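Everything in the sequence shown is counted per the numbering used here, starting at 4 for the first residue and increasing by one.
In this text, a Cβ means the ideal position worked out from N, Cα and C, and glycines have one as well.
Just so we're clear, the structure is a prediction, and the values are computed from it rather than from any experiment.
In what follows, a single structure is set out as structure tokens and then discussed.
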Amino acid sequence: MGGYYTAVISRSLVFSIRQEVYAKLLRLPAQYYLDNSSGHITAKIMYNVEQLTAASSESLRVIVRDGMITLGLLGYLFYTNWRLTLCVFVFLPVIGVLVRKASKRMRKLSLQVQDTMGDVNHVVQESINGNAVVKTFAGEESEQERFYKSSEENLKRGLKMVIVQNLNSPVVQVVMACAMALIVWLALRPQILGNTSAGEFVAYLTAAGLLAKPVKNLTDVNEKLQRGLAAAHSVFELLDLPEEQNNGQLKPKLNGAIRFDHVALNYADGVQAIKDFSLDILPGQTVALVGRSGAGKSSLVNMLVRFQEVSSGQIYLDGLPINDIDLSCLRTQIAMVNQQVVLFNRTVRENIAYGQLQGASDEEIHAAAKAAYAHDFIMNLPNGYDTVLGAQGLNLSGGQRQRIAIARAILKNAPILILDEATSALDNESEHFIQQAFDEAMQDRTTIVIAHRLSTIENADRIVVMDQGQIVEQGTHQELLAKHGAYYQLHQRNFEDN
């Protein structure tokens, strides 16, 4: 039963720490996910937590049990013959140095094992997510080689840990044997034994001999302990990372007025994505952001939802500084459709009514799907709205995935709508119908549209042309064409491409 209760405690500890780590991951800023691969993040929550709990349960049991036995035996030896026992203590610094050096080496190797495990996870996730590309470009052998190399590195680091452990334990045992030999040799000296009887001497030797096993156990458990300490460093380092800044106390119901006041955004590498950007958007207006790739359009909307923090200047919503608004309140009032659609391995209904929308009725979900022209193809799926889409919804076409994401945004019914190249994955017919749906959905709602296909934003209230993080020109479609400036050139190039 003791083993059962130990297992219960160990597995409960794994469960609790994983919950805490996962909760932390959800609260980390978007930049963390840009700086770390999904494979390494997964390794932290799966592999590292497992190593940590294994050390805390198994190692703790051995350390407490064998540590108490060792202390008890040493106490008995000291009580029986303190002179002889002091001679044994001479070897303790040697054992301490050996264990310390081995511990440092094993902890370093354990960190490397964790990193290489992250590499293995990363390769697997990339090959799964990019399965179509792997097959199309006959990349099976290349991916197999990548997996082999990353797995081989993990194997090498693991075997090095085994070598260090298997060298450390015998060396410590040799030192203990030397200590025993010294005891026997010194026992032949009458001045050392004093008045000790033969029976007491035999008992002393027996107790000294019994020291070997607990010391060996303590030496052997050091490998698990170092793995756990290395995992603890990784896990607690993650738990100590700063979360998204959320100092806002206000929870207003927004009308959709947006003001960018001399806003700048600087990345950590020194690149200035947005430079002294100022723009006023009235409630209900549709503003289109256009420009070449890298002009700063996506960076601008990322600041609006606070995926990235403003470096200087200020963003105001309904006249309120964006940092004064509670982060959750802010994001519940902004709907966003990205070019790279994210669908979950759940039903169509759950994907449309996601997160805060889980309480939506079937009528509301169907209405949103119809507005996005998704209802018809959804009804043709095997189980309609109850069809499980699979990982990333890859069993749907690009246009179908896009329309489900648009339906999700429509259902949210937020006062601010962001369409980041939302129609780029649709064919012309679908784009036409969806554009009609959005024309109606945009009524009384502030909308920011980012699109390379300029035909989708010709009816915008205002078009803002960006280049290198700055506004080059702005106006209506007709006004900008008449200027024969940057927008005119983009329009002509886009027209020729189409």
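Less than 8 Å between the C-beta atoms of residue i and residue j, yes or no?
i: I355; j: A417; result: no
i: K256; j: D329; result: no
i: A276; j: S302; result: yes
i: L460; j: I466; result: In the sequence as presented, Leu is not what sits at residue 460; that position holds Ile. Yes, they are a contact pair.
i: D327; j: A260; result: no
i: L397; j: N348; result: no
i: A210; j: L89; result: no
i: E485; j: L414; result: Inspection of the sequence shows that residue 485 is occupied by Ala rather than by Glu. Not closer than 8 Å, so no.
i: T222; j: S296; result: no
i: A234; j: Q117; result: yes
i: I337; j: V266; result: no
i: I44; j: L29; result: no
i: T289; j: D464; result: yes
i: V102; j: N225; result: yes
i: V218; j: T73; result: yes
i: L213; j: L63; result: no
i: R404; j: L346; result: yes
i: N124; j: A57; result: no
i: V52; j: L112; result: no
i: V340; j: Y388; result: no
i: A180; j: F94; result: no
i: P245; j: T449; result: no
i: E61; j: K216; result: no
i: I186; j: L87; result: yes
i: V308; j: R334; result: yes
i: S130; j: E146; result: yes
i: Q481; j: A298; result: no
i: F150; j: V126; result: yes
i: G42; j: Q115; result: no
i: N506; j: Q395; result: The question about residue 506 has no answer, for the chain in this structure spans 4 to 501.
i: F204; j: A184; result: no
Thinking residue i and residue j are a contact (beta carbons under 8 Å), I'd like their distance in whole angstroms, please.
i: I66; j: V175; result: About 15 Å separates the two Cβ atoms, so there is no contact after all.
i: I474; j: L282; result: 7 Å
i: M164; j: M109; result: 6 Å
i: K300; j: I453; result: 5 Å
i: Q311; j: A33; result: 7 Å
i: L241; j: V24; result: 6 Å
i: E156; j: D122; result: 7 Å
i: Q22; j: G231; result: Going by Cβ atoms, the distance from Q22 to G231 rounds to 19 Å, so no, they are not a contact pair.
i: S106; j: Q229; result: 5 Å
i: V468; j: G294; result: 6 Å
Spell out the partners DSSP gives residue i in its beta bridges.
i: R465; result: V290
i: G478; result: I466
i: L2; result: Residue numbering for the chain in the displayed model covers 4 to 501; residue 2 lies beyond these limits and cannot be assessed.
i: I419; result: I337 and T449
i: Q473; result: D470
i: T350; result: V391
i: L253; result: I328
Reducing DSSP to helix, strand and coil, say where residue i ends up.
i: T390; result: coil
i: Q115; result: helix
i: L31; result: coil
i: V452; result: strand
i: L208; result: helix
i: L80; result: helix
i: S60; result: helix
i: L384; result: coil
i: D243; result: coil
i: F18; result: helix
i: N171; result: helix
i: N157; result: helix
i: Y357; result: coil
i: S237; result: helix
i: N225; result: helix
i: S200; result: coil
i: Q248; result: coil
i: H435; result: helix
i: N39; result: coil
i: S364; result: coil
i: V165; result: helix
Residue i: beta carbon under 7 Å from a heavy atom of the ligand MN?
i: Q481; result: Questions concerning the ligand MN fall outside what the structure shown contains, since it holds no ligand whatsoever.
Is there a Cβ of chain B sitting closer than 8 Å to that of residue i, yes or no?
i: V178; result: In the structure shown, chain B does not exist; there is a single protein chain.
message: At 3 residues or longer, what runs of the beta strand (DSSP E) sit wholly inside the segment 258–344?
response: 261–269, 275–284, 289–293, 315–320 and 337–340
- request: For the segment 96–155, list the alpha helix (DSSP H) runs that are entirely contained and at least 4 residues long, ordered along the chain.
  value: 134–139
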